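Colleague: Here's a structure for you.
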Amino acid sequence: LVLALAVIGGVGAAADEPAARDALARGQQATTPTSAAGDHAADHHAGDHTGDASTVPGAHAHGETDVMYADLPAALAAQVDIVKAYVERYPTAADAARDGWIKATLSLNGIGAHYLKGGPTGFLGDYEFDPAAPNVLLFDGEGPDAKIAGASFILSDPDPEGFVTDLDVWHAHVGVCFDVAQGVVIGEIDGHDDSTISFTTQDCLDRGALAFPIADLKMIHLWVGPDYIDDGPVFAHDHPKLYDGVKAADLESPGT
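This is the structure:
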């Protein structure tokens, strides 16, 4: 993992790529949930503060809630408005880039392009929850004119307290697939059954990409961009207006 991060941080330092790939290949089990510890991550959307998503009003079978921004309880709305005000500082990806945000993923189907201050290495940062400082900005396309769709938080806390109430259902990913040539994450590793952005570890490696685990991180999306806030559940994993994004099937052939 350390070697993988060295490659990601350098975005393709040729001398380190084979060593990193070998190290990741030897540790492939780390990206595959084989025990109870991996069960939560394998569900992709599973889990709320109580560990039972069925106890959350409006919860879907996979865990997330369908609460709309207009229906948020007052205390939660106040916190979400802090995030909303933050993302409105960055109307486009170009605005974010000027302030040091770096594109870390393709514009992925359902979830958009992720920008982090550390680029792809930011996925493995050790963060504390602060509504006024989201870790990730989400944009609705690939280029500098892509519009802000929302924000995301990444925490290493296994049971994030996060926002007030139990409406903020956090999720986890087994791992991500990092394309060295493009310098971005192109999908997840071993996603849930209906994931459109999922690669197996071997598929990722066969593409000449790097697979690394992030199952110990919890994440949540907030769709609070001006053109997105009223068109889908605020805490949904996917946003319905982003289903034109890149799918794993679009990248089946190595090198595409």
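The letter at position 198 of the sequence shown is residue 1188 when you use the working numbering, and the numbering goes up by one with no holes.
Heads up, the beta-carbon is just placed ideally off N, CA and C, and yes, glycines get one too.
From a predicted model like this one, the values you see are computed outputs, not experimental measurements.
Taking the alpha helix (DSSP H) that residue 1076 belongs to, which residues open and close that run?
Modeller: It spans 1064-1077 - the alpha helix (DSSP H) in which residue 1076 sits, taken as one unbroken run.
Colleague: Counting beta carbon pairs with one atom in the stretch 1116-1131 and one in the stretch 1184-1198, are three or more of them shorter than 8 Å?
Modeller: At 8 Å Cβ cutoff, the stretches do not touch.
Colleague: Just how far apart, CA to CA, sit residue 1254 and residue 1206?
Modeller: Nothing can be reported for residue 1254: it is not among the residues displayed for the chain, which extend from 991 to 1246.
Colleague: In three-state DSSP terms, what is residue 1085?
Modeller: Looking at residue 1085 - three-state DSSP - the assignment turns out to be helix.
Colleague: Just the C-alpha distance for residue 1161 and residue 1194, rounded to the nearest angstrom, thanks.
Modeller: When rounded, the distance between both Cα atoms is 22 Å.
Colleague: In chain order, what residues of the same chain lie with their CB nearer than 6 Å to the CB of residue 1134, ignoring the 5 residues before and after it?
Modeller: Correct list, in chain order: 1083 and 1084.
Colleague: Which residue or residues does DSSP assign as beta-bridge partners of residue 1178?
Modeller: 1166 and 1188.
Colleague: Thinking residue 1220 and residue 1076 are a contact (beta carbons under 8 Å), I'd like their distance in whole angstroms, please.
Modeller: Actually they are not in contact, since the Cβ atoms of residue 1220 and residue 1076 sit about 18 Å apart, beyond 8 Å.
Colleague: Per DSSP, what are the beta-bridge partners of residue 1236 in this structure?
Modeller: Per DSSP, 1098.
Colleague: Who are residue 1214's beta bridge partners in DSSP?
Modeller: Per DSSP, none; premise fails for residue 1214.
Colleague: How far does the beta strand (DSSP E) with residue 1204 in it extend, from its first residue to its last?
Modeller: No beta strand (DSSP E) holds residue 1204; DSSP gives it neither H nor E.
Colleague: Strictly by DSSP, which residues pair up with residue 1126?
Modeller: Paired residue(s): 1106 and 1142.
Colleague: Look at the alpha carbon of residue 1218 and the alpha carbon of residue 1097, and state the distance between them as a whole number of angstroms.
Modeller: Each residue's alpha carbon lies about 15 Å from the other.
Colleague: Alpha carbon to alpha carbon, what distance is there between residue 1236 and residue 1203?
Modeller: Computed Cα separation, rounded: 21 Å.
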